[in-house]
Amino acid sequence: MIYVSEIIRVVARLLIYILLVVWALPVHSDESFSPLILRVRVHLVRSIANPRLQTTLKGTEIHDIFDEVNTIWSQAGIRFELEKIDSVQALNVAPKKWYMRDRDWVKAAIPTNQFCPTTIDVCFVKDMGPNGFFYGEPVVVCEKPEFHKVSGGSDNPVARVTAHELGHVLFLQHRQDRTNLMASGKNGVSLNQQEIKDARKRALEILGQTPQP
Ligand SMILES: [Zn+2]
689 MIYVSEIIRV
699 VARLLIYILL
709 VVWALPVHSD
719 ESFSPLILRV
729 RVHLVRSIAN
739 PRLQTTLKGT
749 EIHDIFDEVN
759 TIWSQAGIRF
769 ELEKIDSVQA
779 LNVAPKKWYM
789 RDRDWVKAAI
799 PTNQFCPTTI
809 DVCFVKDMGP
819 NGFFYGEPVV
829 VCEKPEFHKV
839 SGGSDNPVAR
849 VTAHELGHVL
859 FLQHRQDRTN
869 LMASGKNGVS
879 LNQQEIKDAR
889 KRALEILGQT
899 PQP
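Residues in the sequence shown are numbered from 689 upward in steps of one, following this note's numbering.
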C-alpha cells in the first residue's frame with residue numbers, strides 16, 4: 689500500500705508541474721496578429737504619346753508581384769488583396785520639361801476617374817526617375833527600379849518597390865537601415881516592431897476599425 693501511495697504522490701506532483709508549465713507559457717495574442725486585408729486595384733498605364741509611361745507588365749507578372757508583396761507584409765499580418773487589374777490610358781500631357789520633377793509629371797498624366805474610393809490604387813509605368821512614389825493616391829511604381837542588393841533582400845525588385853510604397857500608404861517613413869523595407873534604393877524587406885505596430889494601426893483605420901490602445 690505504501691508503494692501505491694508513493695506512485696500516486698509522484699504522479700500528482702508531475703501533473704501539478706505540467707499544469708504550472710502550461711499556465712506559464714506565453715499566450716499568443718490572436719488579436720495583435722489577426723490578418724488585416726486591404727483591397728488593391730492595379731492600373732496598367734498605357735500611352736502612345738509618352739512611351740516611358742506605357743508599362744510592359746502583364747497580369748501574370750502583377751500576380752507574381754503581389755504574391756511577393758504579401759510574403760513581405762506577412763510579417764505584419766497585413767495582406768493586400770488584388771481585387772482587379774485594368775488598363776488606364778494616360779492623359780495627353782506635354783512632354784516633361786527639365787525643371788519638372790518626374791513624379792509630378794507622371795502624376796499629372798494619370799487620370800483619377802477610374803480610381804475606387806474604397807481600395808488602394810496602384811499604377812505601374814515603364815520608366816521614371818524615382819522607383820516609385822506615393823503622396824496621396826495613387827501609388828505609382830516603375831517597372832525598372834534601380835537599387836542596391838542587400839543580404840536577405842527580395843529577388844523581385846518591382847515587388848519590393850510596391851511593398852515599400854504600400855508602407856508609405858500605411859504612414860511609414862523612410863528608415864535608412866540597409867536591410868529595412870523602408871530604406872530607399874535597396875531591396876531589403878524587414879520591418880521593426882514599431883513599424884509593424886504603426887502599419888497595423890493605419891491599416892485598421894483604413895478598414896474603418898478602431899485600433900486597440
Ligand atoms: Zn519611399
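Positions of the beta carbon are idealized from the N, C-alpha and C atoms, including for glycine.
Check	Outcome
Under the rule that 16 or more other beta-carbon atoms within 10 Å means buried, what is Glu-834, buried or exposed?	exposed
Anyone know if the C-beta pair for Leu-726 and Ile-766 falls short of 9 Å?	yes
What is the C-beta distance between Cys-804 and Gly-820, in whole angstroms, given that I count them as a contact (C-beta under 8 Å)?	Contact flag wrong, Cβ pair sits at about 20 Å.
Ile-736 by DSSP, collapsed to three states: which one?	coil
Taking a contact to mean a Cβ-Cβ separation below 9 Å, would you say Cys-811 touches Val-838 in this structure?	no
By Cβ distance, which residues of its chain are closer than 8 Å to Pro-818, with the 5 residues on each side in sequence left out?	Asp-790, Arg-791, Cys-830
Taking Ser-842 as the reference, give the member of Thr-759, Leu-860, Glu-749 with the closest Cα.	Thr-759
Since Val-920 and Leu-741 should fall inside the 8 Å C-beta cutoff, what is the C-beta to C-beta distance between them, to a whole number of angstroms?	With the chain covering 689 to 901 only, the question about residue 920 has no answer from this structure.
Who are the Cβ neighbours of Pro-826 in its own chain at under 6 Å, not counting the five residues just before and after it?	Asp-809, Cys-811
Any chance the segment 860–872 sits against the segment 774–787, with 3 or more Cβ pairs inside 8 Å?	no
Under a three-way DSSP split, which group does Ser-839 fall into?	coil
On the CB-based measure, 16 or more other CB atoms within 10 Å of its CB, does Leu-860 come out buried or exposed?	buried
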